[in-house]
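Taking it in order: structure first as structure tokens, then the write-up.
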Amino acid sequence: MSKVAVLGKLDHKLDIEQKVLGDNITIDIIEDPEKESDRLSEYDGFLSWHFVPFTKEMISKASKCKAICRIATGFDNIDLEEAGKRGIPVTNVPDYGTEEVADTAMCSILNLLRKNSEIARDQEGSNPKQIVPTDFIKTYRMHRVSGKELGIIGLGSIGMTLALRAKAFNMKVSYFDPKVPPATNKSLGIHKYDTVDELLKNADVISLHCPLVEKTKNILNADAFKKCKKGVYVINVARGELIDEKALVEALKSSQVAGAALDTVCKEPYDGHLSNVPNLIITPHSAFCSFESMEEMRRKSAEELKRIFNGEDPINIVNEKFLEKKKD
1 MSKVAVLGKL DHKLDIEQKV LGDNITIDII EDPEKESDRL SEYDGFLSWH
51 FVPFTKEMIS KASKCKAICR IATGFDNIDL EEAGKRGIPV TNVPDYGTEE
101 VADTAMCSIL NLLRKNSEIA RDQEGSNPKQ IVPTDFIKTY RMHRVSGKEL
151 GIIGLGSIGM TLALRAKAFN MKVSYFDPKV PPATNKSLGI HKYDTVDELL
201 KNADVISLHC PLVEKTKNIL NADAFKKCKK GVYVINVARG ELIDEKALVE
251 ALKSSQVAGA ALDTVCKEPY DGHLSNVPNL IITPHSAFCS FESMEEMRRK
301 SAEELKRIFN GEDPINIVNE KFLEKKKD
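Now the structure itself:
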């Protein structure tokens, strides 16, 4: 009988995983696999939550491992090369929670431009803030959403879903993504920029939806913010290190950036280090979350592991180049 470990501290039963993998698979939970790494040698495969690292040392101890299946999209804290050297495929779930993340990005745009959360906060309690209507704009600096240009960096499934939502609000939508087929902009009725700099120069709102790779790390840095329109708004529901946080803080303080909404930061879990920064909304990497998306993610991750156990090719393998090197 094969054994599988789910890595991470959980508050739910493993009914979805058991249903997918079948009753002939034993499934255990390892809450802190770094501290309990000696247990890893017992298992044939792993279902690993996004907040759990899988280091070179951990992989070396997982001697029976046939697969590491990430219960998430991100995999930057897994040693992909080491897994590949040992013939272990690593998979992720890139296509869950698309609507939730796009909805969160759209909500962030509305919040930054319309200030709903800030205004509602000022009305809480028994002594709500009193503002005469003529002072609303001066106090909250609200803007019309319609007609603003949304620049999307990374037009994958989430970026594309956001584009459709923004168009429903009558926003002008543009994007930069060299990997997207040329006709995409025409089919969606959006504008394509050939360079990031062109997008930065023209966008009223910038939303990041690209993966974190060497070329995109700190894609929004001090130089990038200088190229933006003064008063631009920034959304990041992708990866924290796409933004140089120090540069963003300075841009917010100088009002070069009028406001930012970050669902992900460079160091997670968020420790409050940006708590005194003006016009900044922080959420705890929760954009993907809903009852429906969580179930979808768990099911798809378990389905990948089942495919591998059955000798089939996984659908979303993320360390193929390292596995290919091993074959050579």
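Residue numbers (the UniProt record's numbering): 1 to 328.
Note that beta-carbon positions come from the ideal geometry of N, C-alpha and C, so glycine has one too.
Computed from a prediction, not measured in an experiment: that's the story for all the values here.
Runs of the beta strand (DSSP E) spanning 3 or more residues and lying entirely within the region 224 to 273 occur at 232 to 236, 257 to 262, in chain order. Judged by DSSP secondary structure, ILE71 falls within the beta strand (DSSP E) whose first and last residues are 67 to 71. By the C-beta density criterion, MET58 is buried, having at least 16 other C-beta atoms within 10 angstroms. Cβ contact annotation for SER108 (same chain, cutoff 6 Å, sequence separation greater than five): ILE235, ALA261, in chain order. Residue pairing by DSSP places SER37 opposite no residue, since no beta bridge is assigned to it.
Between the alpha carbons of TYR175 and VAL257 lies a gap of roughly 19 Å. The continuous stretches of alpha helix (DSSP H) do not include ASP23, and DSSP gives it neither H nor E. DSSP places PHE288 in no beta strand (DSSP E); its state is neither H nor E. The DSSP-derived three-state label of PHE322 is helix. Under the DSSP assignment, SER108 falls in the alpha helix (DSSP H) whose first and last residues are 98 to 114. Exclusion of the five residues before and after SER117 leaves ASN111 as the residues of its chain whose Cβ lies within less than 6 Å of its Cβ. Going by C-alpha positions, ALA163 is about 6 Å away from VAL173. As DSSP reads the structure, LYS192 sits in a beta bridge with TYR175.
Around the beta carbon of ASN170, a 10 Å sphere encloses fewer than 16 other beta carbons of the protein chains shown; the residue is thus reported as exposed. If you draw a straight line from the Cα of ASP223 to the Cα of ALA247, it comes to about 9 Å. CYS210 places its beta carbon less than 7 Å from that of GLY154. Separation of the CB atoms of MET142 and LYS115 is rounded to 5 Å, and the pair is thereby assigned contact status at 8 Å. In the DSSP assignment, PHE136 falls within the alpha helix (DSSP H) that extends over 136 to 140. For GLY97, the CB contacts under 6 Å within the same chain, skipping 5 residues up- and downstream, are PHE288, SER293 in chain order. Excluding five sequence positions before and after GLY147, the CB atoms of its chain that fall closer than 8 Å to its own CB belong to ASN170, MET171, LYS172, given in chain order.
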